[in-house]
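**Student:**
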Amino acid sequence: MSQDIKTVDAIVIGAGFAGLYAIKHIRDAGFTVQAFEAGDGIGGTWYWNHYPGARVDLECWDYSYSFSPELQDEWEWSHRYPTAQELMAYLEHVADRFKLREKIQFNTRVDSAEFIESENLWLARTSDGKALKARFLVPATGGLSVPKPPEIPGIETFKGEAYHTGRWPRKEPTYEGKRIGVIGTGSSGVQVIHTLAGKCKHLTVFQRTAVFVVPAKNYPLTPEMRQRARATYAERRALSRITRFGIPAAMPNDSALEATPEERQAKFENAWINSQLLGFRQCFGDILSDGKANDLVAEFIRDKIRTIVKNPETAKKLLPYGFPFGTKRPCLSDNYYDVFNRDDVSLVDLKSTPIVRIVPDGIETTEGLIELDMLIYATGYDALTGALTHIDVRGIGGQRLSDKWEDGAKTYLGLMTAGFPNLFTVTGPGSPGPLANMSMSIEQHVDWITDCMAYLRNHGIVRIDTEPAQENAWMDHVQEVVSRTLYEKANSWYRGANVPGKPQIFLPYLGGHGNYRNKCDEVAAMGYQGFVLTRASGTGDAAASRFAEAGLAGGSV
Ligand code: NA7
70 MSQDIKTVDA IVIGAGFAGL YAIKHIRDAG FTVQAFEAGD GIGGTWYWNH
120 YPGARVDLEC WDYSYSFSPE LQDEWEWSHR YPTAQELMAY LEHVADRFKL
170 REKIQFNTRV DSAEFIESEN LWLARTSDGK ALKARFLVPA TGGLSVPKPP
220 EIPGIETFKG EAYHTGRWPR KEPTYEGKRI GVIGTGSSGV QVIHTLAGKC
270 KHLTVFQRTA VFVVPAKNYP LTPEMRQRAR ATYAERRALS RITRFGIPAA
320 MPNDSALEAT PEERQAKFEN AWINSQLLGF RQCFGDILSD GKANDLVAEF
370 IRDKIRTIVK NPETAKKLLP YGFPFGTKRP CLSDNYYDVF NRDDVSLVDL
420 KSTPIVRIVP DGIETTEGLI ELDMLIYATG YDALTGALTH IDVRGIGGQR
470 LSDKWEDGAK TYLGLMTAGF PNLFTVTGPG SPGPLANMSM SIEQHVDWIT
520 DCMAYLRNHG IVRIDTEPAQ ENAWMDHVQE VVSRTLYEKA NSWYRGANVP
570 GKPQIFLPYL GGHGNYRNKC DEVAAMGYQG FVLTRASGTG DAAASRFAEA
620 GLAGGSV
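Numbered according to the numbering used here, the sequence shown spans residues 70 to 626.
(1) Restricting to runs no shorter than 3 residues, where is the beta strand (DSSP E) found entirely within the region 545-604?
(2) Could you give the C-beta distance for PHE337 and PHE369, rounded to a whole number, given that I count them as a contact under 8 Å?
(3) Just to confirm, is the Cβ distance from ALA456 to VAL215 under 7 Å?
(4) How is the alpha helix (DSSP H) around TYR116 delimited, first residue to last?
(5) From what residue to what residue does the alpha helix (DSSP H) around LYS202 run?
(6) Which of the three DSSP states is assigned to MET320 in this structure?
(7) Can you tell me whether GLU225 sits near ligand 2, meaning its C-beta is under 6 Å from at least one heavy atom of the ligand?
(8) DSSP beta-bridge partners for PHE275?
(9) Using 7 Å as the threshold, is the C-beta distance between ARG236 and TRP117 below it?
(10) Taking C-beta to C-beta, are CYS352 and ALA362 nearer than 7 Å?
(11) In whole angstroms, what is the alpha-carbon distance linking HIS119 and SER500?
(12) Ligand 1 and SER257: does any heavy atom of the ligand fall closer than 6 Å to the residue's C-beta?
(13) Can you tell me where the beta strand (DSSP E) holding TRP191 begins and where it ends?
(14) Count the other CB atoms within 10 Å of the CB of LYS217; is the residue buried (16 or more) or exposed (fewer)?
(15) Could you check the C-alpha separation between LYS571 and GLY212 for me, to the nearest Å?
(16) Which residue wins for smallest C-alpha separation from THR458, given the options THR494, LEU444, THR383?
(17) With GLY466 and TYR578 assumed to form a contact (beta carbons below 8 Å), what rounded beta-carbon distance in angstroms separates them?
(18) Ends of the alpha helix (DSSP H) at THR86?
(19) Please state whether the Cβ-Cβ distance between ALA559 and PHE394 is less than 7 Å.
(20) On the CB-based measure, 16 or more other CB atoms within 10 Å of its CB, does GLN573 come out buried or exposed?
(21) Beta-carbon within less than 7 Å of ASP323's beta-carbon, same chain only, minus the 5 sequence neighbours each way: which residues are those?
(22) With a threshold of 16 other CB atoms inside 10 Å of the CB of THR329, please say whether the residue is buried or exposed.
(23) Leaving out five residues before and five after PRO219 in sequence, what residues of the same chain have Cβ atoms less than 6 Å from its Cβ?
(24) Verify whether the separation of the beta carbon atoms of VAL462 and ALA182 is less than 7 Å.
(25) Work out the CA separation of GLY113 and LYS172 for me, nearest whole Å.
(26) Would you list, in sequence order, the uninterrupted beta strand (DSSP E) runs of no fewer than 3 residues that lie entirely inside the region 119-189?
(27) How about TRP562 and ALA487: do their beta carbons lie closer than 7 Å?
(28) Output needed for SER510: all residues of its chain with C-beta closer than 8 Å, excluding positions within five of it in sequence on either side, in chain order.
(29) For GLN598, which residues in the same chain have their Cβ closer than 6 Å to its Cβ, ignoring the five residues on either side in sequence?
(30) Span of the beta strand (DSSP E) holding GLY431?
(31) Does DSSP classify GLU230 as helix, strand or coil?
(32) Thinking THR273 and GLY250 are a contact (beta carbons under 8 Å), I'd like their distance in whole angstroms, please.
(33) Taking only the alpha-carbon atoms, compute the straight-line gap between ALA611 and GLN141 and give it to the nearest angstrom.
(34) Taking 7 Å as the cut-off, decide whether the C-beta atoms of VAL207 and VAL77 are in contact.
(35) Taking GLU186 and ILE111 to be in contact with their CB atoms under 8 Å, please state how far apart those CB atoms are, rounded to whole angstroms.
(36) Less than 6 Å between the CB of GLY253 and some heavy atom of ligand 1, yes or no?
This is how it looks when you write it as structure tokens:
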């Protein structure tokens with residue numbers, strides 16, 4: 070029976086930014102590859118999250134592939150921050166241009182993946198009842214792909230429409246004339262709120278924690294702007310590869326505390342006016358490491374909120390406190406705070422007026438029933454680990470990945486976890502992941518993984534694993550780096566604090582994209598230091614030997 074199962078070199082899970090590039094790069098390196106995608110189209114995060122107002126909050130010049138100068142030159146971005154729809158169109162174009170669709174089986178989930186030790190192959194079982202073996206498993210499942218429910222009693226009783234931003238329906242709902250409630254004010258909630266305000270009968274915002282929202286300064290791009298960007302692409306990308314956040318932004322060293330009040334005010338004002346995601350963090354070198362320096366930025370933004378929001382009671386509720394600026398992802402919006410000056414928008418501060426339960430007609434708070442026709446859950450994700458632990462992944466000795474990570478995810482370099490050989494994580498826990506430009510990080514990971522696969526092929530190696538000591542040392546380093554910052558002071562999804570019961574360990578690597586890239590390259594140059602490589606061992610490993618001799622695994626799909 071098992072001999073009937075086809076074998077490829079690599080199974081890629083997901084057809085978003087990471088999955089598409091993995092398919093292309095691994096295929097172009099001469100490996101056979103099969104990808105599975107749960108959705109019926111290309112796009113990953115952007116496919117599932119095309120809620121009203123969904124946009125990337127990095128500039129399009131940075132949040133896009135850099136591997137093809139031709140692609141960079143031909144794609145016409147319409148806005149500084151493209152919408153989910155435009156990003157999907159871009160990714161569809163990439164899939165067509167590089168002939169990637171033929172490698173993707175849509176509407177198919179990988180339900181389980183088990184490492185067959187005797188063969189050094191992964192056996193994946195999919196939701197269509199089929200199975201496939203592969204030398205390598207590359208889950209490109211994204212860090213924000215398993216929606217987190219809001220854990221509020223009575224959800225199932227609501228008789229209106231209800232949607233999670235991370236599972237937005239393909240057919241756009243209508244909003245006109247409806248009383249809509251939005252639970253959650255992270256990046257997704259903020260985008261939904263500023264987009265739907267004024268487009269429905271009434272919008273009620275249920276806010277548990279007020280966030281820092283800075284201006285987006287989104288604008289349509291002119292042909293001249295595109296031309297200028299194209300002319301500097303090469304330089305921009307080269308710089309991005311060595312910076313801390315994977316974008317061409319220098320981080321200063323000077324202290325906010327040593328600057329005069331006038332200097333600080335001028336820099337903060339400039340950051341507000343010429344906003345971008347890193348703007349305030351770029352003002353001084355200690356914004357993310359010194360509580361007093363951070364307070365200065367936080368207070369500057371609170372002052373802006375007080376000025377914009379006319380009703381002082383509402384403004385007070387919108388002031389973010391309880392975590393340092395930047396330690397939860399700041400949100401970008403050009404009119405978020407203005408929205409609360411409208412008569413058809415109201416704010417429920419859940420700290421003073423908690424939700425009691427969801428009922429058929431709406432939401433019951435401690436102050437009474439708020440009737441709603443539509444409920445939007447912008448309550449976030451089981452981030453960074455959820456997509457992997459929701460697949461039944463079993464490594465050496467049948468160990469489940471979800472069991473191994475029960476007390477917190479551990480990886481070596483964010484690329485591999487011990488006991489799960491030949492499984493590479495893309496922007497996984499322990500890598501800079503969401504704290505750097507994701508598209509740049511994805512390319513770096515996939516390039517490294519593919520080079521590693523080629524090295525193994527060329528050296529007759531059939532198994533690559535790492536050791537607990539390596540991942541412990543790496544995760545200790547990840548914790549040590551974060552302890553030098555203020556990030557641990559926030560109950561953020563970076564440390565699993567948003568999911569009840571999830572172990573709270575800070576997972577992204579804060580050492581910087583450029584440093585991390587160097588470290589990965591160094592490890593590879595030293596013959597994959599910290600990894601354990603196993604050669605094919607004679608006839609007992611027929612598939613492995615074939616793989617080594619032919620440079621490819623046997624079989625194909
Ligand atoms: P986030 O950033 O995790 O935000 C989720 C929001 O939902 C946040 O305001 C939460 O409040 C709120 N939330 C979660 N559960 C509840 C319950 N039970 N009741 C009330 N409010 C709740 O997710 P997003 O989708 O907005 O953004 C994720 C990332 O996408 C973002 O960081 C960018 O990188 C892009 P809390 O703060 O936990 O009190």
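All residues carry an ideal CB built from backbone N, CA and C; glycine is no exception. Please read all numbers here as calculations on a predicted model, not as lab measurements.
**Tutor:** Result, derived from the coordinates:
(1) For the region 545-604, the full-length beta strand (DSSP E) segments reaching 3 residues or more read 600-604 along the chain.
(2) Taking the first residue of the sequence shown as position 1, residue 337 is located at position 268. Taking the first residue of the sequence shown as position 1, residue 369 is located at position 300. Contact between PHE337 and PHE369 holds, since their C-beta atoms are separated by about 4 Å, short of 8 Å.
(3) Here residue 456 refers to the residue found at position 387 when the sequence shown is read from its first residue. Here residue 215 refers to the residue found at position 146 when the sequence shown is read from its first residue. A Cβ-Cβ contact shorter than 7 Å links ALA456 with VAL215.
(4) Reading the sequence shown from its first residue, position 47 is the one you call residue 116. Unbroken alpha helix (DSSP H) run through TYR116: 114-117.
(5) Along the sequence shown, one-based indexing puts residue 202 at 133. Note, LYS202: premise wrong, no alpha helix (DSSP H); beta strand (DSSP E) at 200-208.
(6) In the sequence shown, residue 320 corresponds to position 251, counting from 1. Residue state, collapsed to three classes: coil.
(7) Inclusion of ligand 2 in the displayed structure is not the case, the ligand content consisting of ligand 1 alone.
(8) The residue given as residue 275 occupies position 206 in the sequence shown. Within the DSSP bridge table, the entry for PHE275 names ILE252, VAL417 as partners.
(9) Position 167 of the sequence shown, counted from the start, is the residue given in the question as residue 236. Position 48 of the sequence shown, counted from the start, is the residue given in the question as residue 117. Cβ atoms of ARG236 and TRP117: closer than 7 Å.
(10) Residue numbering aside, residue 352 sits at position 283 when the sequence shown is read from its first letter. Residue numbering aside, residue 362 sits at position 293 when the sequence shown is read from its first letter. Contact: no.
(11) Along the sequence shown, read from residue 1 onward, the residue named residue 119 stands at position 50. Along the sequence shown, read from residue 1 onward, the residue named residue 500 stands at position 431. In a straight line, the C-alpha of HIS119 is about 26 Å away from that of SER500.
(12) Your numbering for residue 257 matches position 188 in the sequence shown. It does: the Cβ of SER257 is within 6 Å (strictly closer) of some heavy atom of ligand 1.
(13) Working through the sequence shown from its first residue, we reach residue 191 at position 122. Its beta strand (DSSP E) spans residues 190-195.
(14) Here residue 217 refers to the residue found at position 148 when the sequence shown is read from its first residue. LYS217 comes out buried.
(15) As a working note, residue 571 is residue 502 in the sequence shown. As a working note, residue 212 is residue 143 in the sequence shown. If you take the alpha carbons of LYS571 and GLY212, they lie about 15 Å apart.
(16) Locating residue 458 in the sequence shown gives position 389, counting from the first residue. The alpha carbon of THR458 has as its nearest neighbour, out of THR494, LEU444, THR383, the alpha carbon of THR494.
(17) To locate residue 466, count along the sequence shown from 1; it is residue 397. To locate residue 578, count along the sequence shown from 1; it is residue 509. In fact, because the Cβ distance is near 28 Å, the residues do not count as touching under 8 Å.
(18) Locating residue 86 in the sequence shown gives position 17, where the first residue counts as 1. Correcting the residue type first, residue 86 is Phe in the shown sequence and not Thr. 86-97 is the span of the alpha helix (DSSP H), which, as asked, contains PHE86.
(19) On the sequence shown, residue 559 is found 490 positions in, with the first residue counted as 1. On the sequence shown, residue 394 is found 325 positions in, with the first residue counted as 1. No; because the gap between Cβ atoms is not below 7 Å, this pair is not in contact.
(20) Along the sequence shown, one-based indexing puts residue 573 at 504. In the assembly as shown, GLN573 is an exposed residue. Its beta-carbon has fewer than 16 other beta-carbons within 10 Å.
(21) One-based indexing of the sequence shown puts residue 323 at position 254. Listed in chain order, the non-local C-beta contacts of ASP323 below 7 Å within the same chain comprise PHE353, GLY354, local neighbours out to five positions each way being set aside.
(22) On the sequence shown, position 260 is the one that residue 329 refers to. Answer is exposed; the Cβ neighbour count stays below 16.
(23) Within the sequence shown, residue 219 is the residue found at index 150, counting from 1. Correct list, in chain order: ILE252, TYR446, THR448.
(24) Against the sequence shown, residue 462 aligns to sequence position 393. Against the sequence shown, residue 182 aligns to sequence position 113. When the beta-carbon positions are compared, VAL462 and ALA182 come within less than 7 Å of each other.
(25) Here residue 172 is taken as the residue at index 103 of the sequence shown, counted from 1. Here residue 113 is taken as the residue at index 44 of the sequence shown, counted from 1. Cα-Cα distance, rounded: 15 Å.
(26) Within the region 119-189, the complete beta strand (DSSP E) runs of at least 3 residues are 179-185.
(27) For this step, residue 562 is matched to residue 493 along the sequence shown. For this step, residue 487 is matched to residue 418 along the sequence shown. Taking C-beta atoms as the reference points, TRP562 and ALA487 fail to come closer than 7 Å.
(28) On the sequence shown, residue 510 is found 441 positions in, with the first residue counted as 1. Taking SER510 as the centre and dropping the five residues before and after it, the same chain places the C-beta of GLY315, THR496, SER500, PRO501, GLY502, HIS582 closer than 8 Å to its C-beta, in chain order.
(29) Locating residue 598 in the sequence shown gives position 529, where the first residue counts as 1. Contacts found: VAL592.
(30) Within the sequence shown, numbered from 1, the residue matching residue 431 stands at position 362. First-last of the beta strand (DSSP E) with GLY431: 431-434.
(31) Here residue 230 is taken as the residue at index 161 of the sequence shown, counted from 1. Strand, per DSSP.
(32) On the sequence shown, residue 273 is found 204 positions in, with the first residue counted as 1. On the sequence shown, residue 250 is found 181 positions in, with the first residue counted as 1. The C-beta distance from THR273 to GLY250 rounds to 5 Å, short enough to fall under 8 Å.
(33) For the purposes of this step, residue 611 is identified with residue 542 of the sequence shown, where counting begins at 1. For the purposes of this step, residue 141 is identified with residue 72 of the sequence shown, where counting begins at 1. Only weak support exists for where ALA611 lies, its pLDDT of 38 falling under 50; the value from the coordinates is given anyway. Rounded to the nearest whole angstrom, the CA to CA distance from ALA611 to GLN141 is 43 Å.
(34) The sequence position of residue 207 within the sequence shown is 138, counting from 1. The sequence position of residue 77 within the sequence shown is 8, counting from 1. In this structure, VAL77 does not lie closer than 7 Å to VAL207 by Cβ.
(35) Looking up residue 186 in the sequence shown gives position 117. Looking up residue 111 in the sequence shown gives position 42. Contact between GLU186 and ILE111 fails: their C-beta atoms lie close to 35 Å from each other, not under 8 Å.
(36) Along the sequence shown, one-based indexing puts residue 253 at 184. The answer is yes for GLY253.
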